[in-house]
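Using our numbering, the final residue of the sequence shown is 315, and nothing's skipped along the way.
This report refers to the structure that appears directly beneath it.
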Amino acid sequence: MNATVSLVVAALLVGVSAPAVSAPNLVLNGGFEATATSAPFANTEFGSSFPSGNGPANWASPSNSAYNLYFDAATAATVSANSRFGGSQKLASSYTGASPNGGRFVALDGDTEFNGPLTQTISGLTSGAQYELNFFWAASQLDNRTGETTERLAVTFGGVTQLTSVLTIPTQGFSGWLSQAFTFTASGATDVLSFLSLGTPNGLPPIALLDGVSLTEVPEPTSMALLAAGLLGAGLVRRRRAS
């Protein structure tokens with residue numbers, strides 16, 4: 073192996089072994105821990121359909137029909153949420169607790185008459201750059217409903233929608249928390265991130281749980297290749313001059 077190739081290989085090995093720098097999470101309050109006001113937390117409906125509810129900070133539920141709930145993991149199956157509807161508005165007793173992110177989370181109704189997007193406008197983007205979205209989600213039911221349901225999430229960013237797999241939940245079931253990752257391309261300096269619950273059948277209702285949302289830029293894979301090409305080019309120039 074000549075000296076130029078050795079130098080290139082050494083540079084590549086240094087790049088591979090160097091610790092990665094974590095990209096910042098561009099989602100604000102992705103764990104839903106912060107509330108929109110300083111009022112004491114209570115399990116509640118939130119958004120345009122129930123403006124008195126103290127929802128998660130930095131997130132919007134703009135649809136007038138959307139039934140989106142905000143829970144503390146410790147009380148989601150024991151304390152009913154304040155809402156526009158009567159009766160029990162807590163999760164089924166099979167719900168086993170917090171996501172890996174912990175703390176509070178949101179529950180999004182998948183009934184087509186009551187679903188509506190949960191949104192946040194993301195800034196600081198580079199148009200055309202790729203971003204990895206990660207989150208935890210689950211499927212569940214309210215504790216006063218019976219019957220099998222299906223549930224999935226439609227996630228939109230940069231004008232593109234991607235779908236999770238479909239989960240089928242038995243009466244009073246809970247899927248357990250799942251980890252999901254999608255890659256999106258930014259369409260501008262700002263884009264809207266949206267989560268929409270899609271479930272069947274109407275009336276039960278199907279419920280999707282969401283927590284631990286993060287969006288980070290995917291590192292460019294070209295930096296080490298450019299370094300190697302530069303070193304190789306420098307070596308070739310030296311060889312030509314020497315000859």
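Heads up, the beta-carbon is just placed ideally off N, CA and C, and yes, glycines get one too.
- Annotation: P96 to D263 spans about 16 Å, alpha carbon to alpha carbon.
- In this model, F229 and Q192 are separated by some 10 Å (Cα to Cα).
- A Cβ-Cβ distance of about 7 Å is found for the pair A164 and G245, placing them in contact under the 8 Å criterion.
- Inclusion of Q252 and T236 in the CB contact set at 8 Å is warranted, their separation being smaller than that value.
- Within the same chain, and ignoring the five residues on either side of T255 in sequence, the residues whose Cβ sits closer than 8 Å to its Cβ are Q202, Y203, E204, L205 and V290.
- Exclusion of the five residues before and after P278 leaves G182, T221, E223 and G271 as the residues of its chain whose Cβ lies within less than 6 Å of its Cβ.
- S286 and L98 have their C-alpha atoms some 7 Å from each other.
- Straight-line measurement puts the Cα of P128 at about 11 Å from the Cα of S110.
- Spanning the alpha carbons of A108 and F208 requires a straight line of approximately 22 Å.
- Cβ-Cβ distances below 7 Å link N216 to G159 and S160 in the same chain, with the five nearest sequence neighbours on each side left out; the list follows chain order.
- Rounded to whole angstroms, the gap between the alpha carbons of V227 and G169 is 24 Å.
- Restricted to the region 170–239, the beta strand (DSSP E) segments that are unbroken, complete and at least 3 residues in length are 176–181, 190–194, 202–212, 221–229 and 232–235, listed in chain order.
- Boundaries for L100: no beta strand (DSSP E) harbours it, and the DSSP string shows neither H nor E there.
- If you draw a straight line from the Cα of F186 to the Cα of Y139, it comes to about 5 Å.
- CA-CA distance, G196 to L265, rounds to 13 Å.
- N173 counts as buried, since at least 16 other C-beta atoms from the protein chains shown sit within 10 angstroms of its C-beta.
- Cβ neighbours of I194 within its own chain (closer than 8 Å, five residues either side excluded): L98, V99, F229, T262, D263, V264, L265 and L287.
- Of all alpha-carbon atoms in S124, N115, P134 and R156, the one lying nearest the alpha-carbon of T147 is that of N115.
- Between G175 and G119, the gap from beta carbon to beta carbon reaches 8 Å or more.
- G271: member of the beta strand (DSSP E) spanning D263 to T272, first to last residue.
- By alpha-carbon distance to S137, the top candidate from E117, I241 and S247 is E117.
- Listed in chain order, the beta strand (DSSP E) elements of length 3 or more contained wholly in the region 116–140 are 116–118.
- It is roughly 16 Å from the alpha-carbon of G248 to the alpha-carbon of K162.
- Beta-bridge analysis with DSSP links Q252 to F207.
- Looking at the DSSP output, A280 bridges to L180 and A211.
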